[in-house]
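Working notes for the structure below.
In full-length UniProt numbering, the protein residues as written are 1 to 248.
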């Protein structure tokens, strides 16, 4: 796993972070432990982290037993400060690296003066760096269950690697100029839209699993690792490059 484990208190203090954070971010375990996580976050992601640490009343069923513990799943993307040398840092933007975080908020039912309430005990999660696709399509090495596409920022397809035909039945030229939304199952469109928004805001995203239409009218389950590629001269967003894993 190209990532690290971290534990955060409900107030946002780093209680633990594994040593592998230094490999991903160039920041030491000793330096970070005990500090506010917000010190290492992109300013625009502080609110996202606060939301991940917040327990919402609608997330849990009514508990029954005193001392009973629950976990509430959390999945989110944050940008953290990266101080590695550029050649070792992978894809970073303005000194920040996008991390995909997945874990659980731990909750306990406690009684105070005979009245029950839910106590937020903090978050434990794994954070890992997203893969960086090579924009030179002749150098991309894909496994048999993968294909790559390039798209404009609105997800209109502008190039598809030939293996898409084997995996979906579509010849590349048949779906170029269509948007990904036109090929996605209606029930998955809203989650794809959320991932698209994260991608536009943070430059990288791992999508949820979604269904892509095949040429014969069926569906295949896919997960995409998408990156915004910036123009090397102007530093403006140029296009989206996505590596896509076909699961079924």
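Positions of the beta carbon are idealized from the N, C-alpha and C atoms, including for glycine. Just so we're clear, the structure is a prediction, and the values are computed from it rather than from any experiment.
Alpha carbon of residue i to alpha carbon of residue j, nearest angstrom
| i | j | result |
| --- | --- | --- |
| residue 151 | residue 178 | 10 Å |
| residue 84 | residue 168 | 40 Å |
| residue 49 | residue 230 | 26 Å |
| residue 146 | residue 114 | 56 Å |
| residue 143 | residue 188 | 25 Å |
| residue 247 | residue 223 | 8 Å |
| residue 66 | residue 156 | Only weak support exists for where residue 66 lies, its pLDDT of 49 falling under 50; the coordinates are left without a value. |
| residue 92 | residue 206 | 16 Å |
| residue 192 | residue 226 | 12 Å |
| residue 10 | residue 29 | 20 Å |
| residue 233 | residue 94 | 15 Å |
| residue 119 | residue 196 | 34 Å |
| residue 73 | residue 210 | 19 Å |
| residue 220 | residue 228 | 24 Å |
| residue 31 | residue 107 | 28 Å |
| residue 215 | residue 239 | 25 Å |
| residue 137 | residue 208 | With a pLDDT of 46 at residue 137, under the threshold of 50, the predicted position of this residue should be treated as unreliable, though the coordinate-derived value follows. Looking at the two C-alpha atoms, the distance is approximately 24 Å. |
| residue 58 | residue 176 | 42 Å |
| residue 21 | residue 236 | 29 Å |
Bounding residues of the alpha helix (DSSP H) (the contiguous stretch that carries residue i)
| i | result |
| --- | --- |
| residue 174 | 172 to 175 |
| residue 102 | Premise fails: residue 102 lies in the beta strand (DSSP E), 96 to 112, not in any alpha helix (DSSP H). |
| residue 50 | 46 to 52 |
| residue 22 | 21 to 25 |
| residue 165 | 164 to 168 |
Where the beta strand (DSSP E) through residue i begins and ends
| i | result |
| --- | --- |
| residue 119 | 115 to 129 |
| residue 206 | 204 to 206 |
| residue 8 | 3 to 8 |
| residue 150 | 146 to 151 |
| residue 91 | Taken as a continuous stretch (DSSP letters only), residue 91 belongs to no beta strand (DSSP E), as it is neither H nor E. |
| residue 160 | 157 to 160 |
7 Å Cβ cutoff met for residue i and residue j
| i | j | result |
| --- | --- | --- |
| residue 125 | residue 101 | yes |
| residue 79 | residue 202 | yes |
| residue 26 | residue 127 | no |
| residue 149 | residue 242 | yes |
| residue 33 | residue 17 | yes |
| residue 153 | residue 183 | no |
| residue 55 | residue 123 | no |
| residue 109 | residue 116 | yes |
| residue 250 | residue 37 | Outside the shown range of the chain (1 to 248) lies residue 250, about which nothing can therefore be said. |
| residue 42 | residue 96 | yes |
| residue 171 | residue 165 | yes |
Residues that residue i bridges to, as DSSP identifies them
| i | result |
| --- | --- |
| residue 189 | None; residue 189 has no bridge partner. |
| residue 69 | 108 |
| residue 29 | Beta-bridge pairing links residue 29 to no other residue. |
| residue 230 | 237 |
| residue 220 | 212 |
| residue 36 | 13 |
| residue 179 | 156 |
| residue 184 | 212 |
| residue 243 | 148, 225 |
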